[in-house]
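Accompanying notes for the structure given below.
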Amino acid sequence: NEGALWGGRFASGPADALAALSKSTQFDFRLARYDIAGSRAHARVLHRTGLLDDAELAGMLSALDRLEEDVLSGAFGPAASDEDVHGALERGLLERAGEELGGKLRAGRSRNDQIATMGRMFLRDHARVVAAQVTAVIDALITQAEAHPEAPMPGRTHLQHAQPVLLSHHLLAHAWAFARDLQRLMDWDARAAVSPYGSGALAGSSLGLDPQRVAEELGFAEATWNSIDGTAARDVYAEFAWVAAMVGVDLSRISEEVIFWATKEASFVTLDDAFSTGSSIMPQKKNPDVAELARGKSGRLIGDLTGLLGTLKGLPLAYNRDLQEDKEPLFDAVDTLELLLPAVSGMIGTLEFHTERMAELAPRGFALATDIAEWLVRQGVPFRVAHELAGEAVRAAEARDVELWDLTDEELTGISEHLTPAVRTVLSTFGSLNSRSSRGGTAPQAVAEQLAELKRQLEPI
Ligand code: ARG
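Using UniProt numbering, read the sequence shown as starting at 11 and increasing by one per residue.
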């Protein structure tokens with residue numbers, strides 16, 4: 011069985027159906043670079059223990075270098091007979107270093123500790139790419155917020171007009187969510203920075219290897235303290251998948267808003283031509299496909315997480331072959347995000363906001379009723395009463411099909427003697443906005459402070 015990593019105890023080779031089922035090179039060969047890096051580190055610790063002499067180490071490292079070159083150039087790839095990335099690379103090593111020397115590298119390691127380590131290396135690299143792309147989304151939001159520092163829009167709850175807010179405040183609300191996603195990726199890395207290499211199949215190695223050295227060479231902070239945990243744990247993968255799904259959900263939420271904002275009915279934004287699509291039959295169409303694909307692909311990211319958790323549930327310690335199923339959902343999550351994030355940051359960065367229309371609608375739908383109630387409270391009226399009186403003002407305006415500010419002085423005092431014409435100071439969009447000036451509020455000054463704080467928090471990231 012050419013290139014197989016096992017076989018001695020078997021009288022016959024694997025059935026075709028088993029070989030086909032077992033094979034993972036079609037997806038795990040993308041980990042080849044990491045497996046070769048692990049092999050280099052492993053060769054060095056074998057050398058330190060005396061299991062490779064100086065010449066053997068040099069020969070091994072040069073063969074690994076040539077193998078890596080050939081992998082990167084595409085000259086070397088998995089063969090039909092290779093079961094997985096480890097088998098393929100061992101075949102490649104034997105071809106380059108010779109059977110005698112190449113055959114020494116597998117001492118003291120197992121595919122179980124190799125694959126657990128490769129997965130972490132892969133995810134840590136891609137977490138950095140994803141973090142940079144999430145940062146670009148945040149930057150796009152901040153740039154738009156800074157371009158519209160004092161543009162009002164209808165703030166909504168239940169999708170109904172609630173209170174006026176600043177567009178910048180609304181955009182930054184999304185930015186905070188992405189900033190937390192970014193922090194999650196950073197926090198996650200601390201737990202992912204532990205190397206399982208040296209755990210062997212499950213029980214560690216008898217060859218006097220130094221897992222800490224390998225860990226450091228591969229960019230990890232430390233080696234695992236428990237070889238069973240090292241080979242069997244996948245919670246760190248699942249945590250990454252959760253963060254990926256959360257990023258997806260956050261992308262989906264802003265996308266849903268963009269889709270709504272771009273409707274004729276809302277007319278809050280125009281999508282840039284470069285980030286919208288046409289229809290094959292309706293010549294006038296300009297569709298928000300980026301946002302829709304973000305909404306759609308978030309479902310896929312959630313599926314990657316739940317699929318992985320489903321695989322892990324019920325697995326006894328230590329390694330089980332089920333764990334081979336951990337890779338595809340993670341690759342899919344990484345590929346999906348890396349495809350999606352640049353498109354979404356591009357879409358957000360190029361949105362053209364129709365600020366006049368948004369400002370015109372901001373106070374409508376009786377969105378200043380709370381301002382009347384809170385103004386009354388400042389005049390000493392108990393809130394319960396103030397709420398009732400503001401509600402009566404809404405009823406009066408609704409009956410006449412006008413807005414609150416259209417009520418006459420007589421109509422207002424008719425509702426209550428407390429509702430003097432002075433209430434009109436808050437019956438405007440900016441009267442309302444400016445009054446919400448405490449920390450976290452939507453007043454222009456509070457939003458400016460918020461933006462400075464967000465930038466301060468993002469600085470170390
Ligand atoms: N291809 C395997 C995986 O992805 C590598 C580990 C195989 N270990 C084993 N004992 N069969 O999990």
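We put the CB at the ideal spot given by N, CA and C, even for glycine.
Neighbourhood of residue i by C-beta distance below 8 angstroms, restricted to the same chain and skipping five residues each side
| i | result |
| --- | --- |
| GLY102 | LEU77, ASP80, VAL81, PHE86 |
| THR145 | LEU192, LEU468, ILE471 |
| ALA400 | ALA379, THR380, ILE382, ALA383, LEU386 |
| SER34 | GLU93, ASP94, VAL95, GLN334, LYS337 |
| PHE250 | LEU133, ALA137, TRP198, ALA202, LEU340, ALA343 |
Candidates the options, of which the one nearest residue i by Cα
| i | options | result |
| --- | --- | --- |
| HIS184 | LEU261, ALA27, LYS33 | LEU261 |
| ALA29 | VAL412, ASP92, GLU249, PHE188 | ASP92 |
| ALA142 | ALA189, VAL387, ASP381, ARG40 | ALA189 |
| residue 3 | ARG449, PHE37, LEU429 | With the chain covering 11 to 471 only, the question about residue 3 has no answer from this structure. |
| GLN222 | PRO293, THR145, THR287, GLY48 | GLY48 |
| GLY108 | TRP271, ARG410, MET70 | MET70 |
| ASP381 | ARG446, PRO392, ARG130 | ARG446 |
| MET128 | ALA150, ASP197, ALA73, ASP45 | ASP45 |
| ASP314 | ARG331, GLY210, ILE291, GLU338 | GLU338 |
| ASP38 | ARG130, ASP94, GLY451 | ASP94 |
| TRP271 | HIS364, ARG331, LEU461 | HIS364 |
| residue 3 | ASP419, GLU427, SER237, LEU351 | The displayed coordinates of the chain run from 11 to 471. Any statement about residue 3 would go beyond what the structure contains. |
| ALA458 | ALA225, VAL300, LEU181 | LEU181 |
| residue 477 | ARG138, SER290, LEU340 | With the chain covering 11 to 471 only, the question about residue 477 has no answer from this structure. |
| LYS465 | LEU219, GLU156, GLU413 | GLU156 |
| LEU115 | ASP63, ALA150, ILE148 | ASP63 |
| LEU169 | GLU402, LEU461, ALA65, GLU266 | GLU266 |
| LEU407 | PHE393, GLY424, VAL395, GLY60 | Before going on, a small fix: residue 407 reads as Ala here, not Leu. If we check each option's Cα against that of ALA407, GLY424 comes out closest. |
| LEU461 | MET368, LEU151, ALA432 | LEU151 |
| ASP220 | GLU413, ARG58, VAL404 | ARG58 |
| GLU100 | ILE264, LEU15, ARG410, SER205 | LEU15 |
| GLY450 | HIS179, LYS296, GLY113, ASP149 | HIS179 |
| SER308 | ASP411, GLN294, VAL257 | VAL257 |
| LEU232 | SER205, ARG19, SER289 | In the sequence on display, residue 232 carries Glu and not Leu. If we check each option's Cα against that of GLU232, SER205 comes out closest. |
Same chain, Cβ closer than 6 angstroms to residue i, neighbours up to 5 away in sequence not counted
| i | result |
| --- | --- |
| ARG244 | LEU322, ASP336 |
| LEU333 | none |
| VAL344 | HIS136 |
| PRO373 | PRO174, THR439 |
Collapsed DSSP secondary structure at residue i in the structure displayed
| i | result |
| --- | --- |
| SER277 | coil |
| GLN389 | coil |
| residue 490 | Absent from the structure is residue 490, since the part of the chain shown begins at 11 and ends at 471. |
| PHE132 | helix |
| PHE39 | helix |
| PHE188 | helix |
| SER215 | coil |
| LEU422 | helix |
| ARG434 | helix |
| GLY309 | helix |
| HIS179 | helix |
| residue 2 | Any answer about residue 2 is impossible in this case: the structure gives the chain only from 11 up to 471. |
| ASN297 | strand |
| GLY359 | helix |
| VAL140 | helix |
| ALA90 | coil |
| ALA328 | coil |
| SER205 | strand |
| MET292 | coil |
| PRO454 | helix |
| GLU79 | helix |
| ARG166 | strand |
Cβ neighbours of residue i in the same chain (closer than 7 angstroms, five flanking residues each side left out)
| i | result |
| --- | --- |
| ALA172 | GLY165, ARG166, ALA377 |
| GLU160 | LEU176, PRO454 |
| LEU371 | PRO164 |
| PHE132 | LEU41, TYR44 |
| VAL147 | PHE188, LEU351, VAL354, SER355, ILE358 |
| ILE269 | PRO298, ALA301, GLU302 |
| PRO88 | THR35, PHE39, ALA98 |
| TYR246 | The displayed chain sequence assigns Val, not Tyr, to residue 246. Hits under 7 angstroms: ARG130, ARG201, ALA202. |
Closer than 7 angstroms: residue i CB and nearest ligand 3 heavy atom
| i | result |
| --- | --- |
| TYR329 | Only ligand 1 can be found as ligands here, which leaves ligand 3 out of the picture. |
Practice task
Spell out a yes or no on whether the region 434-445 and the region 371-382 are touching, meaning 3 or more CB-CB pairs, one atom from each, closer than 8 angstroms.
Solution key: yes
Handout entry: Segment contact, 8 angstroms Cβ cut-off, at least three pairs: the region 348-362 with the region 282-290
Key = yes
Exercise for the section: Taking 8 angstroms as the threshold, find out whether the region 48-62 comes into contact with the region 116-127 through three or more Cβ pairs. Expected result: yes
Exercise for the section: Say whether the region 316-331 touches the region 230-244, bearing in mind that this needs 3 or more beta-carbon pairs closer than 8 angstroms, one atom from each stretch. Expected result: yes
Practice task
Assess, as a yes-or-no matter, whether the region 14-25 is touched by the region 196-203 under the definition of 3 or more beta carbon pairs within less than 8 angstroms.
Solution key: no
Practice task
Count the C-beta pairs between the region 207-223 and the region 303-318 that are closer than 8 angstroms, then say yes if the count reaches three, no if not.
Solution key: no
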